[in-house]
Amino acid sequence: MFLLGSIAFATAQSEGVEVSDAVCSPALETLWTEASHVCIGKPVGYLCNGGSAPQAEPAGPVSNSLASAGALVEVGVIESITTQPLTLDTGGLAWLRVGDPTFTGLMVGEVNLRNVTPPDFPAWQSMVVETGPDALACGTAPGNAFVVQTPIDPETSLLRTSNLVINGTSLVLNGTVLVQTREAQTVFVNLGGVSSVLARGQEQALLTGEQISVPYAPGDFSVPAGPPSIATPLDVAGLTNLPVGLLDRPLQLPQPGYVMTQGQVNMRTEPNAQSGLIWQVPAGEVMSVLGRNPAGDWLHVQLRNGLTGWMFAELLRQNTGVIQTSYEATPLPPQRYGTLGTNARVVAPAGLNVREAPDVQFGTIVTLPLDSEVTLLARSPYSPWVKVQTGDVVGWAALIALETSAVISSLPIDYDVPPPPEPTRIPGSFGNAFPDPRNNN
Numbered sequence: 014m015f016l017l018g019s020i021a022f023a024t025a026q027s028e029g030v031e032v033s034d035a036v037c038s039p040a041l042e043t044l045w046t047e048a049s050h051v052c053i054g055k056p057v058g059y060l061c062n063g064g065s066a067p068q069a070e071p072a073g074p075v076s077n078s079l080a081s082a083g084a085l086v087e088v089g090v091i092e093s094i095t096t097q098p099l100t101l102d103t104g105g106l107a108w109l110r111v112g113d114p115t116f117t118g119l120m121v122g123e124v125n126l127r128n129v130t131p132p133d134f135p136a137w138q139s140m141v142v143e144t145g146p147d148a149l150a151c152g153t154a155p156g157n158a159f160v161v162q163t164p165i166d167p168e169t170s171l172l173r174t175s176n177l178v179i180n181g182t183s184l185v186l187n188g189t190v191l192v193q194t195r196e197a198q199t200v201f202v203n204l205g206g207v208s209s210v211l212a213r214g215q216e217q218a219l220l221t222g223e224q225i226s227v228p229y230a231p232g233d234f235s236v237p238a239g240p241p242s243i244a245t246p247l248d249v250a251g252l253t254n255l256p257v258g259l260l261d262r263p264l265q266l267p268q269p270g271y272v273m274t275q276g277q278v279n280m281r282t283e284p285n286a287q288s289g290l291i292w293q294v295p296a297g298e299v300m301s302v303l304g305r306n307p308a309g310d311w312l313h314v315q316l317r318n319g320l321t322g323w324m325f326a327e328l329l330r331q332n333t334g335v336i337q338t339s340y341e342a343t344p345l346p347p348q349r350y351g352t353l354g355t356n357a358r359v360v361a362p363a364g365l366n367v368r369e370a371p372d373v374q375f376g377t378i379v380t381l382p383l384d385s386e387v388t389l390l391a392r393s394p395y396s397p398w399v400k401v402q403t404g405d406v407v408g409w410a411a412l413i414a415l416e417t418s419a420v421i422s423s424l425p426i427d428y429d430v431p432p433p434p435e436p437t438r439i440p441g442s443f444g445n446a447f448p449d450p451r452n453n454n
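Sequential numbering of the sequence shown, starting at 14, is according to the numbering used here.
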């Protein structure tokens with residue numbers, strides 16, 4: 014699957030020539046896309062191999078069954094797994110989806126995981142993680158990393174919290190944390206949510222945009238050699254080219270550090286005071302920074318609930334590093350790779366009514382039968398509807414009638430739609446008495 018540029022890579026290696034990004038980038042994009050199609054949306058309780066054949070223990074049937082891309086094996090029967098480095102000959106990529114505690118671990122590149130959970134506890138509650146050295150074949154490849162993430166509870170719409178032990182360090186995971194090993198330390202980088210790290214009896218809070226390192230004896234990542242460091246703004250170099258569209262919950266990578274409101278601050282749709290007001294954020298709210306405008310006087314921030322918008326920088330208490338990401342127009346959040354980010358299928362048994370605008374009170378353009386496929390174009394500004402295309406027909410469909418792997422919040426919002434219809438007023442509900450049918454006056 015990842016052999017599109019293997020000949021060019023082998024030639025370059027033998028001649029001592031650096032592999033160009035023009036060769037690497039298409040091969041990496043192919044790996045991300047094909048792995049997404051075979052592993053995104055797969056069930057909890059299984060490991061899904063998305064790339065080259067990993068090495069797994071126990072050897073034999075368990076290891077052999079993971080040889081092909083898209084292979085699924087129950088997590089409880091796997092003792093250890095090692096994914097291959099990212100080169101033009103190999104592409105290590107796997108998803109470890111555990112149900113108790115609930116989390117997904119994405120293995121990118123050369124990563125070794127070993128289950129060290131005691132027998133009376135659920136598998137993979139405690140593990141040893143080692144990531145390979147970042148000897149990258151090209152500039153567009155990400156570093157080797159293990160990214161753990163908790164899902165959103167559908168009943169509360171809040172992030173779930175899971176308690177893990179990684180390399181003998183307790184991690185209270187609420188969101189998304191990247192784990193890398195470097196010589197004699199394990200680095201925990203918070204990409205989203207609020208987590209904490211406990212080692213040698215000392216606990217440190219880990220906010221979005223921060224990282225913490227824990228020391229170890231050389232060659233032994235099973236037991237910490239000391240307490241965790243204080244949290245510092247993350248090093249963006251370790252996140253370069255990370256394929257966030259592969260996460261079960263894709264996210265926009267944070268910038269180093271965080272900001273906090275000192276009083277009530279307006280969050281706006283664009284970096285200017287005339288743009289739309291999203292919310293008045295109260296004092297004391299801690300937020301991650303996604304980027305800044307070119308002038309640097311406005312920051313693009315994200316709340317813990319996922320809401321994003323722009324705030325005037327001078328009104329915020331800033332505990333950040335260098336904010337490198339700059340843009341004037343608000344970027345869309347990351348989407349799935351390939352057609353997973355645009356395709357949807359009709360799952361309503363009675364079919365799907367494609368309408369003129371995003372509400373059932375607007376006219377029907379066409380009715381599509383069960384299992385029809387549509388292309389997602391945009392989302393509604395006021396209802397759970399999406400703009401779709403089928404053939405030459407473009408209209409609006411209720412999201413509940415569709416099945417898709419796309420990230421709906423990453424679709425652009427189409428504001429050029431009619432306003433939602435006003436609800437029909439019930440007679441007598443607006444201060445008037447019902448007319449007496451016996452009265453002819």
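Cβ atoms here follow ideal geometry from the backbone N, Cα and C, with glycine treated the same way.
Legend entry - Buried/exposed call for glutamate 223, threshold 16 Cβ in 10 Å: buried
Legend entry - Distance between valine 207 and glutamine 138 (C-alpha atoms, nearest Å): 19 Å
Inset, instruction - Would you mind reading off the limits of the beta strand (DSSP E) that contains serine 208? - result: 198-212
Legend entry - First through last residue of the beta strand (DSSP E) which encompasses proline 228: 223-230
Inset, instruction - Could you tell me the boundaries of the beta strand (DSSP E) in which glutamate 123 lies? - result: Segment: none, glutamate 123 is in no beta strand (DSSP E) and carries neither H nor E.
Inset, instruction - Could you tell me the boundaries of the beta strand (DSSP E) in which tryptophan 323 lies? - result: 321-325
Legend entry - Best match in Pro67, Phe234, Leu184 for proximity to glycine 214 [C-alpha to C-alpha]: Leu184
Inset, instruction - Just tell me which of Thr130, Ser93, Leu99 has its CA closest to the CA of threonine 43. - result: Leu99
Legend entry - Residue nearest to serine 235 in terms of C-alpha spacing, selected from Gln217, Ile179, Ala244: Ile179
Inset, instruction - Following the continuous alpha helix (DSSP H) through serine 175, name the residue where it begins and the one where it ends. - result: Where serine 175 is concerned, there is no enclosing alpha helix (DSSP H), although the beta strand (DSSP E) it sits in stretches over 175-179.
Inset, instruction - In angstroms with no decimal places, state the Cα-to-Cα distance between valine 335 and valine 86. - result: 43 Å
Inset, instruction - Identify whether glutamate 70 lies in helix, strand or coil by the three-state DSSP scheme. - result: strand
Legend entry - Segment limits, beta strand (DSSP E) that includes glutamate 87: 85-87
Inset, instruction - Determine the extent of the beta strand (DSSP E) in which glutamate 216 is found, giving its start and end residues. - result: 215-220
Inset, instruction - Using 7 Å as the cut-off, classify the Cβ of valine 399 as near or not near the heavy atoms of the ligand MN, replying yes or no. - result: For the structure depicted, the ligand MN is absent and the ligand set is empty, with no information on it obtainable.
Inset, instruction - Scan the region 91-167 and note each continuous alpha helix (DSSP H) run of 4 residues or more that stays entirely inside, going in chain order. - result: none
Inset, instruction - Compute the Euclidean distance between the alpha carbons of valine 299 and histidine 50, then round it to the nearest angstrom. - result: 36 Å
Legend entry - Identity of the residue in Ala218, Gly319, Thr117, Leu329 nearest serine 423 by Cα: Gly319
Inset, instruction - Determine the extent of the beta strand (DSSP E) in which serine 183 is found, giving its start and end residues. - result: 182-186
Legend entry - glutamate 42 - containing alpha helix (DSSP H), residue span: 34-52
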